[in-house]
Structures are given as C-alpha cells and as structure tokens.
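Below is one structure, written out as structure tokens; the observations come after it.
In the working numbering, the protein residues as written are 475 to 983.
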C-alpha cells in the first residue's frame, strides 16, 4: 500500500490522532530546544514562562512555596510549563489534515508549517514572558533565540510530517484514536507527571535538617565541603561562563571606571576568610546555612582604585544571569567584603558563581551575588532582584542556634551529647544555652572558638537525663553584645526567620 493508493476517506484522521501526533513531534522538538539551551545556545520557552511567573509572584507567596517545597517548587513549575507547551504542540498537530492535502510538496510543507511554532515563539511567547521581541532581552540575544527556535520548529514540523503522517498513511487503522483511548492517554500523561514530581521530591529536596550522630562528626564538618554547601538560585539553568572572555566592570559614581579580566584579578594578592552563609529563606533549624573558606580581593581595594564618589550610596551588582543586588557602600568598603575567586582552596564551582562572586559577611546570602560582571556605584538606596519582591534590604542576619546532634530522634545511655551551630553574622556569638525541659530551665553549652569573626560557632552540651522518656530539647544563642535571639516564631519572609530551634527526643537509660 502506498500513500497514493489510500482512499481519501480512509486516510482521514480523527482530531485525537492529530493531537497525539503533535504531542509526539513536540516531545522531539522540545528535547532539541532544551538541549540547545543547556549548551548555552538559545532559549527554552518553558523556562522563560517559569521565570515570568516567578517575577510576577509576590515575595510572601513565593516564600510560602519555597518553604513548603524547596527547590522542588521551581522544578515542578518547569515540568508543568513543559507539559503545557507540549499540549500547545499537540494543538499544532490538528493541522495535519490540511498538511495531508499538500503531501505532494512535503519539503515545502515542512518549512511552511514550521512557521507556526516559530512565529508564536518569537513574536508572542517571548514578549509575553519578558524576553523581548525575537528574544532580544535574553542572554542568547535575538540571533541565538531565533536560531534555537527555528531549528526546534523545523524538527517539530519534520517529525510531524515525515514520521507521524507517513505512519498514519501506511497504517491508517493503527492510529485511529477513540475517545476512550484518548482519555486513557491523557490519564497516563497526568500519572506520569505526578510520578515525576514525586521522584523529584526525593531527588531535589533531601532532608530539611542537617544532623550528625556525634559531636566529633559535627566538629569535623566545621568547614562545609563545596559539594555539600547549600545552593539557592533563581535559575532553572545556571550560566556557564568562559573566564577567558569574562571581565568585571566597576563604574557609576566613580572617578576612574575599571575593567578587569579574570587573569588580572587572579594575579592580585588574595585575602582568605572563613565566612558563613545563611539564606534569608532558611527556617529555624533549617539546612540553608554553610561555612567555607573564601579567597579573593577586598572589594574596598577595587573601589578605592576606581575612586568612590562622596555621594555614592550603594553598589549595584549585575550578574550574568540577570540577577541584581545592592550592597550599602559602608558594607562594600568593609575590608571583610571580598570579590571571591576561590572556595575552600578551589576555583569557584559553577553553582557558586564562577568565575567571581561577591562575599558580604553579616548579610544574608542573597547579598553575595554570584556570576557578577558589573558593579555600579549609585546614589541613594538600591533594591535588587529579591528586594523588589518584598524581601529585606537591610539583610542583617538574625541570631540563631541550631541543633545538629543527635541526628536520630531516639537515643540510649546515661550520657547524651547535644550539639550544633550558632550564628549571628559579624556580631559573633557570646553564649549558647540548652533546655532539656521545653524551655523551663536553661544550661550553658560549651563553645568551640570560631574559625573567624565571620564564621559560625560550634557548641556542645553533655546531658545526663534523669529518667527514660520523651524530652523536648530547645537551644538559643546570644550575640557578641549579649543580646538574646528573638524567641517569638516568625517566618522567613521578609526579614529572615526567628524563634528557638526545638527537637523532641526519646531517651532510654
């Protein structure tokens, strides 16, 4: 049987068949678009859609989803956006009957039909999602966006016309889709999506609380390995930067603007400092806090070379991924604030801002901008990416004590070791207290001297429980000035979480 010998009525397809053919071709096309995006060539429409959604979401609502779902929130949004985009490609497939009428000009049809998704992507979806007409506002620019979109659209059209259409013409009975079959297919798609989200829950989230079995294990992790250091990013795909073509510009309210290459920065004398980072969205007792040794150049040195104007109020940091952040000029000139080039003796990992990031001790992690490529000094106050969504612009880290030992909720023996970390930014920690009766009475913990004035303090408390049973363990800290941390529970948004860390512990003597 050939395409020419198939009767027109026999060859007529149902809308369900056309739609599923479009979905099949869409899977191939979207895979190509995503692969090009990962290779830093062009854009990925679902990613742009999620970015637009995140940008339009108020900070308090976004904070709720981040707290409830962590990194899974944005990956779930990406999956949903991709499925919607796939459904749109299924809708494109409804044009198959019209295509079949022109099957004699198959190659012409491929090019012509590719115009439908390409035009909608470039002229509708990209402007709608804030990427500009033809993708001019993306990192790929209009050329990269156009090439990516054109290639993926041609792949879609070619797959649809040469694979789906050919199979249907040769075997018309095999792809007739009844309403029941169509509903079953949609159900399978939904169940598959649910399974994928469930799988990501295990893959992405992991445990919300970091714990150790012994005090020795806690102390051994005073410096967080690079691959265990917490990561928070607004991106679905972080930028990959060629250090050879990268440079840092310092301009704005300065007398002598600077442009420095990566090699020029590496050749300068490096300052090393242990600095603890904590994410502003970290919950009480949460795991979004880590400590590392950062090496780089004091930002004050670079700013002094540029000549800071007297009326400069903030350093506005711009980054390769479109992120922005403002640092008060007083913080920027603090000798402990550095432009970091390495982390724990290694070049910055990609996920931590290679080739350079700002490290601002004492402020929440969002102020330590990654992948920074420009620092512009501006007059007055500057609000960065997260501040425009309602998060704090002062950024001073709240005092906190976190329980990390014991790891398990049940322990045995006459002696129980309790330990953890305490942090109050650059204010330091003067005292940590532990309660084993839910906060009725308090006992002082033993503090380990910190690695620096900008790193967390490790603490331990040896406890001899009087009986077998269940206990509520609570920890609290005082900053270097003797001020007790806030006891009243508060969510992370907008100024960072507060309250005492608490665990329930079953003890067997």
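Ideal Cβ positions, reconstructed from N, Cα and C, are used throughout, including at glycine.
(message) Quick test of your reading: residue 896 and residue 961, contact by CB under 8 Å. State the CB separation rounded to the nearest angstrom.
(response) For the purposes of this step, residue 896 is identified with residue 422 of the chain shown, where counting begins at 1. For the purposes of this step, residue 961 is identified with residue 487 of the chain shown, where counting begins at 1. Taking C-beta atoms under 8 Å as the contact rule, residue 896 and residue 961 fail to qualify, at a distance of about 15 Å.
(message) Between which residues of its own chain and residue 869 is the CB-CB distance below 6 Å, once the five residues before and five after are set aside?
(response) Indexing the chain shown from 1 puts residue 869 at position 395. So the qualifying residues of the chain are 837, 838 and 841.
(request) Would you decide whether residue 817 is buried or exposed? Buried here means 16 or more other CB atoms lie within 10 Å of its CB. (result) In the chain shown, the residue the question calls residue 817 occupies position 343. With 16 or more other Cβ atoms inside 10 Å of its own Cβ, residue 817 counts as buried.
(request) Can you tell me which of the three DSSP states residue 844 falls into? (result) Taking the first residue of the chain shown as 1, we reach residue 844 at position 370. Coil at residue 844, not helix or strand.
(request) May I have the straight-line CA-CA distance separating residue 604 from residue 747, to the nearest angstrom? (result) Working through the chain shown from its first residue, we reach residue 604 at position 130. Working through the chain shown from its first residue, we reach residue 747 at position 273. The straight-line gap from Cα to Cα measures roughly 39 Å.
(request) Would you check if the distance between the CB atom of residue 930 and the CB atom of residue 921 is smaller than 8 Å? (result) To locate residue 930, count along the chain shown from 1; it is residue 456. To locate residue 921, count along the chain shown from 1; it is residue 447. It is not a contact, given that the beta carbons lie outside the stated cut-off.
(request) May I ask you to list the residues that DSSP assigns as paired with residue 821? (result) Taking the first residue of the chain shown as 1, we reach residue 821 at position 347. Beta-bridge analysis with DSSP links residue 821 to 816.
(request) Following the continuous beta strand (DSSP E) through residue 723, name the residue where it begins and the one where it ends. (result) Position 249 of the chain shown, counted from the start, is the residue given in the question as residue 723. 721 to 726 is the span of the beta strand (DSSP E), which, as asked, contains residue 723.
(request) For my contact list, residue 771 and residue 812 are in at a C-beta cut-off of 8 Å; report their separation, rounded to the angstrom. (result) Stepping through the chain shown from its first residue, residue 771 is reached at position 297. Stepping through the chain shown from its first residue, residue 812 is reached at position 338. Separation of the CB atoms of residue 771 and residue 812 is rounded to 6 Å, and the pair is thereby assigned contact status at 8 Å.
(message) According to DSSP, is residue 672 part of a helix, a strand, or is it coil?
(response) Along the chain shown, read from residue 1 onward, the residue named residue 672 stands at position 198. Reliability of the predicted coordinates at residue 672 is poor, the pLDDT of 48 falling under 50, and the value obtained from them is presented with this limitation in mind. In the structure shown, residue 672 sits in a helix (DSSP, three-state: H, G or I).
(request) Kindly indicate which residue of 830, 784, 834 and 781 has the alpha-carbon position closest to the one of residue 801. (result) Position 327 of the chain shown, counted from the start, is the residue given in the question as residue 801. Closest option to residue 801, Cα to Cα, is 834.
(request) Locate the alpha helix (DSSP H) running through residue 905, then write down its first and last residues. (result) As a working note, residue 905 is residue 431 in the chain shown. Residue 905 -> not in any alpha helix (DSSP H); beta strand (DSSP E) instead, spanning 903 to 909.
(request) Grab me the residues of residue 704's own chain with a C-beta within less than 6 Å of its C-beta, minus the 5 sequence neighbours each way, in chain order. (result) Within the chain shown, numbered from 1, the residue matching residue 704 stands at position 230. Only 762 and 764 meet the Cβ criterion.
(request) With a cut-off of 8 Å on the beta carbons, I'd call residue 609 and residue 627 a contact; round off their distance for me. (result) Within the chain shown, the letter at position 135 stands for residue 609. Within the chain shown, the letter at position 153 stands for residue 627. Not confirmed; about 13 Å, so no contact.
(request) Grab me the residues of residue 693's own chain with a C-beta within less than 8 Å of its C-beta, minus the 5 sequence neighbours each way, in chain order. (result) Position 219 of the chain shown, counted from the first residue, corresponds to residue 693. Cβ within range, chain order: 922 and 932.
(request) Give the straight-line distance between the Cα atoms of residue 434 and residue 925, rounded to the nearest whole angstrom. (result) Because residue 434 is not part of the residues shown, which for the chain are 475 to 983, the question remains open.
(request) State the Cα-Cα distance for the pair residue 714 and residue 975, rounded to the nearest angstrom. (result) For this step, residue 714 is matched to residue 240 along the chain shown. For this step, residue 975 is matched to residue 501 along the chain shown. Taking the straight line from one Cα to the other gives about 38 Å.
(message) Just to confirm before moving on: does the CB-CB distance between residue 774 and residue 821 stay below 8 Å?
(response) Taking the first residue of the chain shown as 1, we reach residue 774 at position 300. Taking the first residue of the chain shown as 1, we reach residue 821 at position 347. Residue 774 places its beta carbon 8 Å or farther from that of residue 821.
(request) Buried or exposed for residue 511, please, with buried defined as at least 16 other CB atoms from any protein chain shown within 10 angstroms of its CB. (result) Numbered from its first residue, the chain shown carries residue 511 at position 37. A residue is called buried once 16 or more other Cβ atoms fall within 10 Å of its Cβ, and residue 511 is buried on that count.
(message) Please state the DSSP three-state secondary structure of residue 710.
(response) Residue mapping note: residue 710 aligns to position 236 of the chain shown, counting from 1. In the structure shown, residue 710 sits in coil (DSSP, three-state: anything other than H, G, I, E or B).
(request) Leaving out five residues on either side along the sequence, give the residues of the same chain with a beta carbon under 7 Å from the beta carbon of residue 942. (result) Numbered from 1 along the chain shown, position 468 holds the residue referred to as residue 942. By the criterion of a C-beta distance shorter than 7 Å, residue 942 is surrounded in its chain by 981, 982 and 983, once the five residues flanking it on both sides are discounted.
(request) Apply the 10 Å Cβ neighbour rule to residue 513 and answer buried if 16 or more other Cβ atoms are within range, or exposed otherwise. (result) Stepping through the chain shown from its first residue, residue 513 is reached at position 39. Here residue 513 is exposed: its Cβ has fewer than 16 other Cβ atoms, across all protein chains shown, within 10 Å.
(request) Could you say which of 737, 769, 733 and 500 lies nearest to residue 745 if we only look at CA atoms? (result) In the chain shown, the residue the question calls residue 745 occupies position 271. Nearest to residue 745 by C-alpha distance, out of 737, 769, 733 and 500, is 769.
(request) Measure the CB-CB distance between residue 851 and residue 793 and report whether it falls below 8 Å. (result) Sequence index remark: in the chain shown, residue 851 carries index 377 (1-based). Sequence index remark: in the chain shown, residue 793 carries index 319 (1-based). In this structure, residue 793 does not lie closer than 8 Å to residue 851 by Cβ.
(request) Can you tell me which of the three DSSP states residue 878 falls into? (result) Start at 1 with the first residue of the chain shown, and residue 878 comes out as number 404. Residue state, collapsed to three classes: strand.
(message) Beta-carbon within less than 6 Å of residue 523's beta-carbon, same chain only, minus the 5 sequence neighbours each way: which residues are those?
(response) Numbered from its first residue, the chain shown carries residue 523 at position 49. If we look at residue 523 and ignore the five residues flanking it on each side, its Cβ neighbours are 555 and 603.
(message) I'd like to check one pair, residue 618 with residue 515: are the Cβ atoms closer than 8 Å?
(response) Within the chain shown, residue 515 is the residue found at index 41, counting from 1. Within the chain shown, residue 618 is the residue found at index 144, counting from 1. Contact flag set, yes.
(request) Give the range of the beta strand (DSSP E) segment to which residue 944 is assigned. (result) Locating residue 944 in the chain shown gives position 470, where the first residue counts as 1. In the DSSP annotation of this structure, the continuous segment of the beta strand (DSSP E) that includes residue 944 starts and ends at 943 to 953.
(request) With a cut-off of 8 Å on the beta carbons, I'd call residue 875 and residue 894 a contact; round off their distance for me. (result) One-based indexing of the chain shown puts residue 875 at position 401. One-based indexing of the chain shown puts residue 894 at position 420. Indeed they touch by this definition, with Cβ atoms about 6 Å apart.
(message) Looking at the secondary structure, which residues open and close the beta strand (DSSP E) in which residue 745 lies?
(response) The sequence position of residue 745 within the chain shown is 271, counting from 1. For residue 745, the uninterrupted beta strand (DSSP E) run begins and ends at 745 to 752, by DSSP.
(request) Taking only the alpha-carbon atoms, compute the straight-line gap between residue 795 and residue 823 and give it to the nearest angstrom. (result) Position 321 of the chain shown, counted from the first residue, corresponds to residue 795. Position 349 of the chain shown, counted from the first residue, corresponds to residue 823. One C-alpha to the other measures close to 15 Å.
(message) Short of 6 Å in beta carbon distance, which residues of its chain neighbour residue 781, apart from the five on each side in sequence? Order them along the chain.
(response) To locate residue 781, count along the chain shown from 1; it is residue 307. Beyond the five residues adjoining it in sequence on each side, residue 781 comes within less than 6 Å, by CB distance, of 728, 729 and 730 in the same chain, given in chain order.
(request) Taking residue 499 as the reference, give the member of 548, 559 and 551 with the closest Cα. (result) Here residue 499 corresponds to residue number 25 of the chain shown, with the count starting at 1. For residue 499, the nearest C-alpha among the options comes from 559.
(request) Could you check the C-alpha separation between residue 889 and residue 752 for me, to the nearest Å? (result) By one-based count along the chain shown, residue 889 stands at place 415. By one-based count along the chain shown, residue 752 stands at place 278. Distance between the alpha carbons of residue 889 and residue 752 is about 32 Å.
(request) Please confirm whether residue 468 and residue 585 have their CB atoms less than 8 Å apart. (result) Outside the shown range of the chain, which is 475 to 983, sits residue 468, and nothing can be said about it.
(request) Would you kindly work out how many angstroms separate the C-alpha atoms of residue 531 and residue 938, rounded to a whole number? (result) The residue you call residue 531 lines up with position 57 of the chain shown. The residue you call residue 938 lines up with position 464 of the chain shown. So the two alpha carbons sit approximately 49 Å from each other.
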